[in-house]
Amino acid sequence: MTAAPTSDLEFAIEVPPVIDGAYLSVRWTATGTYAGGFPGATAEPGTAVTFTGTDTLLMRDGKFVEY
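Next comes the structure, spelled out in structure tokens:
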């Protein structure tokens, strides 16, 4: 794959970050337009796509040390 499978990709935070001690978690949604080229994909290029995720990070001394 030589190009990104999505164009105009944008991320939005869905839930404010949750902090517990040294851990930070955030829930997000990404939207964009499928550009083609992803093996096994059935969507046609130009299809609007949306996917979600949750990231948990470990902070130490004001820096992210694990993702």
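Residues -12 to 54 in my numbering are what the sequence shown spells out, letter by letter.
Every residue, glycine too, gets a C-beta built ideally from N, C-alpha and C.
Given this structure, state the Cα-to-Cα distance separating M(-12) from G40, to the nearest angstrom.
Confidence at M(-12) is low in this model, with a pLDDT of 42, below 50, so its placement is unreliable and the value that follows should be read with caution. M(-12) and G40: Cα-Cα distance of roughly 23 angstroms.
Using DSSP with H/G/I as helix, E/B as strand and the rest coil, what is M(-12)?
A caution first: M(-12) carries a pLDDT of 42, below 50, which makes its placement in the model too unreliable to give a value.
Burial state of T43, where buried means 16 or more other Cβ atoms lie within 10 Å
exposed
Could you tell me which of P4, G8, T16 and V52 sits nearest to T37, measuring between CA atoms?
T16
Same chain, Cβ closer than 7 angstroms to P32, neighbours up to 5 away in sequence not counted:
Y21, A22 and G23
Am I right that S(-6) and V5 are in contact with their C-beta atoms under 8 angstroms? What's the rounded C-beta distance?
That belief does not hold up - the Cβ atoms of S(-6) and V5 are roughly 31 angstroms apart, past 8 angstroms.
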